[in-house]
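One structure below.
So, in structure tokens, the structure goes:
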């Protein structure tokens, strides 16, 4: 979506693996896959990147002109920045809580799914806010000389959308949270 080649899939069919190379128990590959997915979801939901991206958004709002002054002075933009700042701070504090749980050897539960769901959607909302602040200059490609802020925001917008999909879509994360975290029944299949 961004024009960069940053993803690859490899499919293996009819592969035989020697027992010496078995990871985990025989026929327990789903547990290994889930452990891998938890790490992937935590990486995709990294709050450090979110905090840095939000700070770039604040700098943009302070330097981009809107209605004769900095965009950060516009009450609508200020409200939007405040809402995003609250979400960013909440995710940072959640990351601290999860770190404390890990240090105290508490099971992570569904935290990886929560991280992935909330943070990837938050990153997309931050990029969307930047595009809105930039107005008609927002969608310009980074190679366009008229692009503002290095033209990074359209790429970030599309990249963050890809992260919402990758590692299990938001809908999948919501199902995991509902079923495993809240104990809700699985939705009826085959309706």
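In this note's numbering, the protein residues as written are -2 to 188. All C-beta atoms, glycine included, are put in the ideal place defined by N, C-alpha and C.
Where residue 154 is concerned, the enclosing alpha helix (DSSP H) starts and stops at 149 to 162. In the structure shown, residue 72 adopts helical secondary structure according to DSSP, grouped into three states. A contact between stretches requires three or more CB pairs, one per stretch, nearer than 8 Å, and the region 102 to 109 fails this requirement with the region 131 to 143. Distances from the alpha-carbon of residue 96 to those of 43, 58, 11 and 33 put 43 closest.
The beta carbons of residue 126 and residue 81 sit closer together than 8 Å.
In this structure, DSSP gives residue 132 a helical state, which the three-state scheme calls helix. Between the alpha carbons of residue 47 and residue 153 lies a gap of roughly 11 Å. Under DSSP, residue 67 forms a beta bridge with 62. Annotated as distal: residue 90 and residue 171, with beta-carbon spacing of 8 Å or more. With a contact defined as Cβ atoms closer than 8 Å, residue 124 and residue 150 qualify at about 6 Å.
Residue 88 and residue 181 have their alpha carbons spaced roughly 24 Å apart. In the structure shown, the three-state DSSP call for residue 7 is coil. Of all alpha-carbon atoms in 166, 143, 142 and 67, the one lying nearest the alpha-carbon of residue 116 is that of 166. Excluding the 5 residues flanking it on each side, residue 144 has same chain C-beta neighbours closer than 6 Å at 137, in chain order.
Sequence-distant partners of residue 177 (beyond 5 residues in either direction) whose C-beta falls short of 7 Å from its own C-beta, in its chain, are 107. Per DSSP, reduced to three states, the secondary structure at residue 179 is coil, with no helix or strand assignment.
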